[in-house]
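What follows is a short report on a single structure.
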Amino acid sequence: MPTTATAAPAPDPMGAERTLMPAPLTPETIAHLEERARHVRLETIRLIAIAKVGHYSSTFSCAELFATLYYDAMRLRHGEPRWPDRDRFLMGKGHAAVGLYPLLADWGFFPKELLDGYTRLGNPLGDHPDMTKVPGVDFSSGSIGHALSAGLGMVMGGRMMNRRFDVYVMLGDGEMQEGQVWEAAMAAAHQKAGNLIAIVDRNGYQLDGQVDEVMGIEPLAGKWRAFGWEVHEVDGHDVAALATLFRRLKQDRTREKPACIIARTLKGKGVGYMEREAGWHLGYLAPEDEAAAIAEIMGQPASPAIPREAAAQGDAR
Ligand SMILES: Cc1ncc(C[n+]2csc(CCOP(=O)(O)OP(=O)(O)O)c2C)c(N)n1
Ligand SMILES: [Mg+2]
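Here is the structure:
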């Protein structure tokens with residue numbers, strides 16, 4: 003696969019790749035990705051126990067997306083967070099950064115010991131990601147709505163530098179209500195940003211309830227198509243389906259349209275009482291509840307529902 007390409011929508015000399023099927027996924031790769039998603043969930047629980055408040059359910063819904071991106075799809079170099087040809091990853095839903103940090107540490111972008119001081123005074127790893135402090139974070143986020151615009155800017159910057167890398171932007175479904183997302187969507191199609199990939203974590207919930215009750219966003223696929231994007235809908239917890247799709251998109255060097263992946267997910271996926279209770283957007287697990295959540299993630303039977311009041315609610319960010 004070429005490491006550079008011009009911006010232009012001109013035919014790609016590697017266009018023949020488009021007709022090739024992606025390399026088959028082995029059972030070992032699938033098992034590895036599933037294990038990495040479990041790792042994201044377990045680390046999320048461990049780190050939030052240090053912070054004493056955090057976004058469990060927002061992070062659990064995209065654990066398979068994190069795992070597939072960082073262990074199969076993205077082109078990265080171990081220990082080189084600023085490698086100019088690396089694929090970029092931006093999180094519109096920056097509040098799920100707690101699940102990203104363990105993967106960045108795994109890539110050798112910073113010492114793993116930093117994880118142990120997550121959110122503590124002087125530690126660069128905050129509840130929201132800061133690109134000026136955390137090696138491997140490509141964009142500072144937290145105020146939702148900006149990341150797709152920034153991602154398009156990176157695509158355009160890559161063109162100017164005659165570099166070809168893919169730019170992945172993970173967005174929340176509540177974030178779809180932000181007007182700036184659609185301005186960026188319109189601009190990306192106009193710019194034929196074929197190496198821009200938006201991933202919508204369609205978990206059905208935002209901070210204050212069900213997305214379609216707060217302000218409906220359907221028909222979501224139709225909206226993206228109408229804005230000039232190629233749209234794919236996929237089970238966001240199926241690592242095999244995700245990896246196959248990401249591989250296919252990466253292999254297609256002739257695509258001019260930016261691609262949107264609508265990943266159907268469950269907010270809180272992996273811990274039954276969080277899947278059933280929207281109040282877990284921000285919370286803190288008491289130690290005994292934490293043990294039950296870990297057991298469930300490790301494959302033991304689901305624990306009983308914990309009443310909403312049991313989750314210490316922090317300030318809603
Ligand atoms: C501009 C802005 N407004 C409000 C918030 C507060 N806020 C944090 S997360 C969130 C809900 C996000 O929902 P969604 O995009 O669906 O993400 P999920 O956690 O469900 O993955 C809101 C409103 C914010 N971070 N930024
Ligand atoms: Mg959501």
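Note that the working numbering has the sequence shown beginning at 3, numbered continuously upward.
Think of the CB as a built atom: it goes at the ideal place given N, C-alpha and C, for glycine as much as any other residue.
Outcome for residue i when other beta-carbon atoms lying within 10 angstroms are tallied against a minimum of 16
i, result
"residue 271", "buried"
"residue 63", "buried"
"residue 29", "exposed"
"residue 20", "Low local confidence applies: a pLDDT of 35 at residue 20 is under 50, so the model's placement there is unreliable, and no value is given."
"residue 310", "Residue confidence for residue 310 is low, a pLDDT of 43 falling below 50, so the modelled location carries little weight; the figure read from the coordinates is stated next. By the neighbour-count rule (16 or more Cβ atoms within 10 Å), residue 310 is not buried but exposed."
"residue 15", "For residue 15, the predicted model reports a pLDDT of 32, less than 50, meaning its position is unreliable and no value from the coordinates is stated."
"residue 69", "buried"
"residue 197", "buried"
"residue 79", "exposed"
"residue 285", "buried"
"residue 205", "buried"
"residue 348", "No statement about residue 348 is possible, as the shown extent of the chain runs from 3 to 319 and does not include it."
"residue 43", "buried"
Residue i beta carbon near ligand 1 (any heavy atom closer than 7 Å)
i, result
"residue 95", "yes"
"residue 240", "no"
"residue 209", "yes"
"residue 37", "no"
"residue 155", "no"
"residue 60", "yes"
"residue 142", "no"
"residue 146", "yes"
Identity of the residue in the options nearest residue i by Cα
i, options, result
"residue 89", "299, 281, 293, 252", "252"
"residue 27", "282, 240, 273", "240"
"residue 193", "302, 149, 95, 259", "259"
"residue 228", "97, 185, 293", "185"
"residue 155", "189, 276, 131", "189"
Near ligand 2: residue i beta-carbon under 7 Å from a heavy atom
i, result
"residue 183", "no"
"residue 269", "yes"
"residue 285", "no"
"residue 216", "no"
"residue 174", "yes"
"residue 213", "yes"
"residue 205", "yes"
Contacting residues, own chain, Cβ-Cβ under 6 Å from residue i (five flanking each side not counted)
i, result
"residue 84", "none"
"residue 178", "219"
"residue 302", "none"
Residues of its chain near residue i, where Cβ-Cβ distance is below 7 Å and the 5 sequence neighbours each way are ignored
i, result
"residue 114", "107"
"residue 128", "121"
Cβ of residue i within 8 Å of any chain C Cβ
i, result
"residue 296", "Protein chain content of the structure displayed is limited to a single chain, and chain C is not contained in it."
**OP:** Tell me the start and end of each unbroken beta strand (DSSP E) in the region 55 to 107 that is at least 3 residues and wholly inside, in chain order.
**Re:** 90 to 93
Original post:
At what residue ranges does the region 235 to 274 contain a whole run of the beta strand (DSSP E), taking only runs of 3 or more?
Top reply: As far as the region 235 to 274 is concerned, its whole beta strand (DSSP E) runs of at least 3 residues are 261 to 266.
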